[in-house]
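Let me begin by presenting the structure, written as structure tokens, before commenting on it.
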Amino acid sequence: MSPLPYMARSLTNHCRRNSKPYLSLYSTLGNLSKQAESEFNSHPCRKNSFRSLILQSISQSVKIERLSDSDFGIIEVKLDRPEAKNAIGKNMLSGLRHSLEAINVDSSANVVMISSSVPRVFCAGADLKERRTMSQSDTRDFVNSLRSTFTFLEGLSIPTIAVIEGAALGGGLEMALSCDLRICGEAAVLGLPETGLAIIPGFVVIDIGGVSSSYRLSLAIPSSAAMADSAGRVTRTTDNSQAVGSDSGVLNCHPKNMCHQVYAGRLVANVVGRGAGGTQRLPRLVGKSVAKELIFTGRKIDARNAASMGLINYCVPSGEAHLKALEVARDINEKGPLAIRMAKRSVDGGLELDFPSALELEEDCYEQLPNTKDRLEGLAAFVEKRKPRYKGE
């Protein structure tokens, strides 16, 4: 390991231990008093570390931090529920959703890291103890909220990196699958054990014309029943006299919207949130056969196996996933922010289209860039043989 990042990290920890108590409060820097802000800026550790500033925390189990100085633009979302091994309950889910929404409207954010403050665990999945106290209606609302939150995470316009040390199981792995990149310490354990509980990843409960039905769906875009059925994306299509609507209606849903309307037979089915994505995102990463084996058996795999099958981007020595993720985040952060956004839009959107349409999307994304200030800055920096100073304009 390079000694410099280690020393910087140690110094940061030292500063955290010796800084004023107000620095650990869950509030935005803008809410600090002028005196507190002045004391913060004059603190000796301020200029000697890669300090992270806690922007906000909607819940005690989810914190947002912004890296400063040359790392400005990198935001870290930290899961911090040690008593439950970061199992996702209502409070954590609400904190995660509000954190992502705050990042989504932050124009200065260029890349997001999602990590855990709890040793030896990333996220153990849904909180089954809390789930047992919920009514059937509460459970459905929670699961739909979980899925829509993961879809919101996937739909962020900026790159996301899951930083995994320890267990990422069930909903924890599905959260990581919703990120663009995954970086693991070699002691990480990943798996989708839902079949052992007699359920599957990504089960969607939908209402069709007031009749509650259960379907396995994962539709990224609205489509006709015939198209969905031929693509193998619905379990079955059906007619129902109690349903309303017809297959000639017009749908105007964006692929990343939280609610989609999906045709089923001659009916319009209102899908409240997409599936959490395990049965859909996993095969898109590792292939159908490998994904089926992992889902059917519920088998847990280590980071080395995950890397060999393409499930994760990097497997590094235990304890170094955060350092590697920060290295990757910095590499992304120094690139043109608008170009990164357009690249993500082109890749993600293109995979849902036929190839000619995907090429049209790529062209549209490219056309957004040549006349930007960042493009001119990039050319000037190249000629002047210096690093570009991009502003996302």
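In the numbering used here, the protein residues as written are 1 to 393.
Backbone N, C-alpha and C define an ideal beta-carbon position, used for all residues, glycine too.
Since this is a predicted model, take the numbers as computed values, not measurements.
Counted within 10 angstroms of its Cβ, other Cβ atoms place residue i as buried (16 or more) or exposed
i: THR279; result: buried
i: THR195; result: exposed
i: ILE466; result: Since the first and last residues shown for the chain are 1 and 393, residue 466 lies out of range.
i: PRO201; result: buried
i: ARG81; result: buried
i: GLY287; result: exposed
i: PHE142; result: buried
i: VAL383; result: exposed
Boundaries of the alpha helix (DSSP H) in which residue i is found, first to last residue
i: PHE150; result: 136 to 154
i: MET342; result: 337 to 350
i: LEU359; result: 355 to 367
Reduced DSSP category for residue i - H, G, I as helix; E, B as strand; rest coil
i: CYS179; result: coil
i: GLY191; result: strand
i: SER70; result: helix
i: ILE208; result: Summary for ILE208: the model assigns pLDDT 32, below 50, so the residue's position carries little reliability, and this model does not support an answer.
i: ILE103; result: helix
i: SER108; result: coil
i: ALA126; result: strand
i: GLU377; result: helix
i: SER157; result: coil
i: GLU76; result: strand
i: ALA167; result: strand
i: ILE332; result: helix
i: ILE88; result: strand
i: ILE301; result: strand
Cut-off 6 Å between Cβ atoms - residues of its own chain near residue i, not counting five sequence neighbours on either side
i: SER318; result: GLY185, GLU186, ALA187
i: ALA303; result: CYS184, GLU186, ALA188, CYS315
i: ALA306; result: LEU190, ILE312
i: THR372; result: LEU338
Strand pairing of residue i, partner residues [DSSP]
i: ARG281; result: For ARG281, which the question treats as bridged, DSSP gives no partner whatsoever.
i: TYR314; result: ILE183
i: SER289; result: Per DSSP, none; premise fails for SER289.
i: SER308; result: Bridge partners of SER308: none, in fact.
i: SER59; result: VAL62
i: VAL121; result: ALA167
Same chain, Cβ closer than 8 Å to residue i, neighbours up to 5 away in sequence not counted
i: LEU156; result: LEU100, ILE103, ASN104, VAL112
i: LYS324; result: ILE183, TYR314, VAL316
i: LEU351; result: ARG284, ALA358
Host beta strand (DSSP E) of residue i (start-end)
i: LYS63; result: 62 to 67
i: VAL163; result: 160 to 164
i: ILE114; result: 111 to 116
Residue i Cβ short of 7 Å to the ligand COA heavy atom set
i: THR133; result: The ligand COA is absent from the structure shown, which contains no ligands of any kind.
Spatial neighbours of residue i in its chain, beta-carbon cut-off 7 Å, leaving aside the 5 residues before and after
i: LEU128; result: none
i: LEU369; result: LEU338, ALA339, MET342, ARG375
i: ALA84; result: ASP127
CB contact check: residue i to chain C, cutoff 8 Å
i: SER70; result: Looking at the structure shown, chain C is missing, and only one protein chain is on hand.
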